[in-house]
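All remarks here apply to the structure that follows.
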Amino acid sequence: MTLHAHSDDWLPPAPKPHEGPLGLVAALRALRTNPLTTWTRAHYEVPILYGRSVIGQTAVINAPVAVRRVLLDNAANYRKDDLQLRILAPGLGRGLLTAEGEQWRAQRRALAPLFTPRMIAGFAPAMAAAADSLVGRWDRRREGHPFDASHEMARVTLDVLERTIFSGGLGGAPDEVMEAVTRYFDTIGRIDPFDIFAFPDWVPRLSRLRARPALAFFNAAVDRIIAARRALLESRPHGAPQDLLTMLLNARDPETGQGLPEDEVRANIVTFIGAGHETTANTLTWALFLLAMSPHWRERLEAEADAVVAGDWLATGGLDRLVETKAVIEEALRLYPPAATLTRAAIASDELAGQRVRPRDMIIISPWLLHRHKTLWRRPEAFDPTRFLPGRREEIDRFAYIPFGAGPRICIGMGFALQEAMIVLATILKRFRLELPPDAILEPLQRVTLRPKNGLPVILRRR
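At position 406 of the sequence shown (counting the first as 1) the number is 411 in this note's numbering, and the numbers step up by one without a gap.
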């Protein structure tokens, strides 16, 4: 949609729901081009929809009690489904995002100490340095010339990774890494009909063929990252950076004392580089877009940044004072959740909010739907950060808002991502105001993550 009016009554762009289910060919086309366009009006209004679809017998869950049942109370009965694994595992391997059973539990135990609140707080200065580097680059830009803010958000989040996780470098130039991440997620995120119909892996998928150059770059970069750090740890055990890469290579399962196998180390590095950087970059991009279209909230956050971001603000509890900044980020995550769809396969029969499900049924929990469901939110299509301010935040059902998932498999990097987004957004707003060109067109596009289809064109103004 073309954006003309800048108004606090404006509704952020979203595909219009269909009145009824799509036919087979239309559904396959929509799943491949943009799965957000498959949903019907009923998906936004009915708590559970159960029936046959192009991907099999499915239950689309929008009742928080059922979401809790699948992701927490009876999580052992719901595994990662085969379609999801056919799409993601060839590139991401068997890291935290795709591993199952004891393999996943061992990885989670080994990696959990890397993401404690204390560890995450220790990364705040590095995140602030990356944000300062971003605004330093923007200071050298000429005002009034459009540029793609989504590209800049990808660059700053990659800079954060280099300063916190891979301080020895990412095995390639930042622009090369960014391009490879974007191309990789764009190609593997297209749902191939061959995957839907469970064709054997040896049957070529067009998406995988297109992803090969990016995947080859990833594999080579990860090999260089691991080799360089292992060599440093062997030659100077106490001289290596104490970043997350060193901790990952030294991580031990507290129950068994075993380190992670090499293939799992590689899989988690790819996951951190790809999913970790891409999701936070998209969150920041959507937040900047929403603020550009909401002058009232932009001014509120500018005032908050002016009051908080000064001197050694992080050391004096500045993050805790970015209350409205955090609310805007959480509202951006509600409207545009990075992972728009979570899927599981039922192992045994179960009951979800009165609906019986059978073994092998596909369970779909879509944060995109859940966060916009008419039974759960007042004016769900509207941008309203007051939902997340103290006093109202507590009214939101824990399982009606799941931008990072929930239960045992909740995103391990949630605290890291929120802290990073708050620091970067406040630092930008302290110095700059971003405006949208009059002819800007934004459309949410679902691949592995949810991004603006054509990036975010903005015009830079110094405050």
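A virtual CB, placed ideally from N, CA and C, is assigned to each residue, including glycine. As the structure is a prediction and not an experimental result, all values here were calculated from the model.
How many whole angstroms separate the CB atoms of residue i and residue j, which I take to be in contact at a CB cut-off of 8 Å?
i: P408; j: P342; result: 4 Å
Answer with buried or exposed for residue i, where buried requires no fewer than 16 other C-beta atoms within 10 angstroms of its C-beta.
i: A126; result: exposed
i: P457; result: buried
i: S371; result: buried
i: K21; result: exposed
i: D180; result: exposed
i: L36; result: buried
i: A353; result: exposed
i: D389; result: buried
i: R468; result: exposed
i: Q263; result: exposed
i: D366; result: buried
i: D317; result: exposed
i: H378; result: buried
i: T330; result: buried
i: R397; result: exposed
i: S2; result: The structure shown has nothing for residue 2, since the chain only spans 6 to 468.
Who are the near neighbours of residue i in its chain, counting only those whose CB is closer than 8 Å to its CB and skipping five residues on each side?
i: S155; result: A286, N287, T290, R456, P457, G460, L461
i: H9; result: With a pLDDT of 47 at H9, under the threshold of 50, the predicted position of this residue should be treated as unreliable, and no value is reported.
i: A411; result: V72, R73, L76, L77, R403, F404
Leaving out five residues on either side along the sequence, give the residues of the same chain with a beta carbon under 7 Å from the beta carbon of residue i.
i: L29; result: V59
i: R466; result: E148, F437, R438, E440
i: A185; result: A219, F222, F223
i: A358; result: P52, I53, A68, V70, A71
Answer yes or no: do residue i and residue j have a C-beta to C-beta separation smaller than 8 Å?
i: L4; j: L306; result: Past the edges of the chain, shown from 6 to 468, lies residue 4, and the structure says nothing about it.
i: V70; j: I369; result: no
i: L319; j: H48; result: no
i: A32; j: I53; result: no
i: T469; j: D86; result: Nothing in the structure corresponds to residue 469, since the chain is present only between 6 and 468.
i: L524; j: V313; result: Nothing about residue 524 can be reported from this structure: the residues present for the chain run from 6 to 468 only.
i: L116; j: W109; result: no
i: L166; j: I278; result: yes
i: I428; j: M132; result: yes
i: L432; j: V140; result: The residue you asked about is not Leu; residue 432 is Thr in the sequence shown. Against a cut-off of 8 Å, the Cβ pair of V140 and T432 comes out as a contact.
i: Y83; j: A350; result: yes
i: G56; j: T45; result: no
i: R114; j: D258; result: yes
i: R234; j: A226; result: no
Spell out whether any CB of chain B is found under 8 Å from the CB atom of residue i.
i: F120; result: Of the protein chains in this structure there is only one, and it is not chain B.
Spatial neighbours of residue i within its chain, please: CB distance less than 6 Å, with the 5 preceding and 5 following residues excluded, ordered by chain position.
i: L119; result: L249, M252
i: L293; result: A154, L439
i: P151; result: P442, P462, I464
i: T162; result: H282, T285, A286
i: L447; result: P18, P457
i: A332; result: P390, F393, L394
What does residue i pair with, by DSSP beta-bridge criteria?
i: S354; result: Answer by DSSP bridge pairing: none, since S354 is not bridged.
i: I66; result: I53
i: Q360; result: L357
i: M367; result: T63, A350
i: Y83; result: A351
i: T42; result: According to DSSP, which records beta bridges pairwise, T42 is partnered with nothing at all.
Given 7 Å as the limit, tell me if residue i has its C-beta closer than that to any heavy atom belonging to the ligand FMN.
i: A232; result: This structure lacks the ligand FMN; in fact it carries no ligand of any kind.
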